[in-house]
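Visitor: Handing you a structure now.
Protein chains: 2
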Amino acid sequence: MEPKDYMARALELAQRAADCGDVPVGALIVRNGEILAEAYNEKESLKVPSCHAEMLAIERAALKLDRWRLIDCDLYVTLEPCLMCAGAIVQARLRSVIYGAKDPKAGAVESIYQVLSDGRLNHRPLLVSGVLEQECSEMLKNFFAERRK
Amino acid sequence: MEPKDYMARALELAQRAADCGDVPVGALIVRNGEILAEAYNEKESLKVPSCHAEMLAIERAALKLDRWRLIDCDLYVTLEPCLMCAGAIVQARLRSVIYGAKDPKAGAVESIYQVLSDGRLNHRPLLVSGVLEQECSEMLKNFFAERRK
Chain X
1 MEPKDYMARA
11 LELAQRAADC
21 GDVPVGALIV
31 RNGEILAEAY
41 NEKESLKVPS
51 CHAEMLAIER
61 AALKLDRWRL
71 IDCDLYVTLE
81 PCLMCAGAIV
91 QARLRSVIYG
101 AKDPKAGAVE
111 SIYQVLSDGR
121 LNHRPLLVSG
131 VLEQECSEML
141 KNFFAERRK
Chain R
1 MEPKDYMARA
11 LELAQRAADC
21 GDVPVGALIV
31 RNGEILAEAY
41 NEKESLKVPS
51 CHAEMLAIER
61 AALKLDRWRL
71 IDCDLYVTLE
81 PCLMCAGAIV
91 QARLRSVIYG
101 AKDPKAGAVE
111 SIYQVLSDGR
121 LNHRPLLVSG
131 VLEQECSEML
141 KNFFAERRK
């Protein structure tokens, strides 16, 4: 599978979030070509503020590997991570982060902060942005347009 | 109870983390003078990178109140929150954050970032630092000194 195939799967997960009334963001963690953990944003449905897709995917991957260091794992996520999730990516020492759409208002990778390129922190993952960017961005736009109706 | 009484309780929780081999950080969430949730750092013992004291306290408080908005709640924590936890505090809309020791290497409230005073983010809690600072700081110092032996 190629990056855009993993991102297509993350988009399917994002759709599940939208179906439950949550902002559509999907994430997965890949190790040695295998999908280790999948998640989608469940903040509204679980009523827990930290239940973003990335947080749940990281937690599930760590439980599966029985270790908190995810140095051999890659995170795919449909939207640029926020500060909380970028901080969790540093904590988890993820090898790389691949995302789709930018988040100009709250993105902490390139938009309002550049946390994952900060030399003062003890980990800097590889970064790839813009994978299936248009599809990821359109799913979010449609969700908010629908909600305004 | 006064702020330093809540912080003394957070220090007791921090000691439990140390007893399990985790960096001693304790946290609690208070609402209307009542302790709603307690937690300590369980990153090493649970082997989950996101299981900092603050994250667990926020999650437990949200589950208890059955809502993710913690606008009427105050977080007490023995150490200045990191980026992940500061991001979670914004997500949870906590009313105030009271902490003990500064974290010059990773603190995201006043040390390396000032996330909770950032006008671009959609929430800024009240901030109080230095409550039982010396006790909080000494517990951490002793833990690391012990570990180096």
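Quick mapping for you: the protein sequence lines, in order, are chains X and R.
Take 1 as the starting number for the first sequence in the numbering used here and just add one per residue.
Take 1 as the starting number for the second sequence in the numbering used here and just add one per residue.
Beta carbons: idealized from backbone N, C-alpha and C, even for Gly.
#1: Of all the alpha helix (DSSP H) runs that stay within the bounds of the segment 25-107 of chain R, which reach a length of 4 or more residues?
#2: For Glu59(R), return the contacting residues in chain X, with the cut-off set at a CB-CB distance below 9 angstroms.
#3: My guess is that Ala53(R) and Leu83(X) are in contact by the Cβ rule of under 8 angstroms, so how many angstroms apart are they, rounded?
#4: Looking at the unbroken alpha helix (DSSP H) that takes in Ser137(R), where does it start and where does it end?
#5: From which residue to which residue does the alpha helix (DSSP H) around Leu11(R) run?
#6: Could you tell me which chain X residues have their CB closer than 8 angstroms to the CB of Ala37(R), listed as they occur along the chain?
#7: Which residues mark the beginning and the end of the beta strand (DSSP E) in which Val23(R) is found?
#8: Taking the continuous beta strand (DSSP E) assigned at Val128(R), which residues delimit it?
#9: Check whether the segment 117-133 of chain R touches the segment 29-39 of chain R, taking contact to mean three or more Cβ pairs, one atom from each stretch, closer than 8 angstroms.
#10: What does Ile112(X) reach in chain R if we use C-beta pairs closer than 9 angstroms?
#11: Using CA atoms only, rank isn't needed, just tell me which of Leu94(R), Lys102(R), Ala106(R) is closest to Gln91(X).
#12: Rounded to whole angstroms, what's the CA-CA distance from Met23(R) to Leu121(X)? Just pull it up for me.
#13: Helix, strand or coil for Ser117(R)? Go by DSSP, reduced to three states.
#14: Judging by CA-CA distance, which residue of Gly119(X), Phe143(X), Pro81(X), Lys102(X) is the nearest neighbour of Ile112(R)?
#15: Output needed for Ile58(X): all residues of its chain with C-beta closer than 6 angstroms, excluding positions within five of it in sequence on either side, in chain order.
#16: Going along the segment 73-94 of chain X in order, which residues come within less than 8 angstroms of chain R, judged by CB to CB distance?
#17: Please report the distance separating the alpha-carbon of Met139(X) from that of Leu63(R).
Guide: Quick answer:
#1: 43-46, 53-65, 83-92
#2: Val48, Pro49, Ser50, Cys51
#3: Ala53(R) to Leu83(X), Cβ: 18 angstroms. No contact.
#4: Residues 133-148.
#5: 3-19
#6: The premise fails here: Ala37(R) is roughly 12 angstroms from chain X at the closest Cβ pair, so nothing lies under 8 angstroms.
#7: Where Val23(R) is concerned, there is no enclosing beta strand (DSSP E), given that its DSSP letter is neither H nor E.
#8: Element bounds for Val128(R): 126-129.
#9: no
#10: At a beta-carbon threshold of 9 angstroms, the residues of chain R lying near Ile112(X) are Asp118, Arg120, Leu121, ordered along the chain.
#11: Ala106(R)
#12: The sequence given here has Val at residue 23(R), not Met. Cα-Cα distance, rounded: 18 angstroms.
#13: If DSSP states are grouped into helix, strand and coil, Ser117(R) belongs with the helices.
#14: Gly119(X)
#15: Ala88, Ala92
#16: Cys82, Leu83, Met84, Cys85, Ala86, Gly87, Ala88, Val90, Gln91, Ala92, Arg93
#17: 29 angstroms
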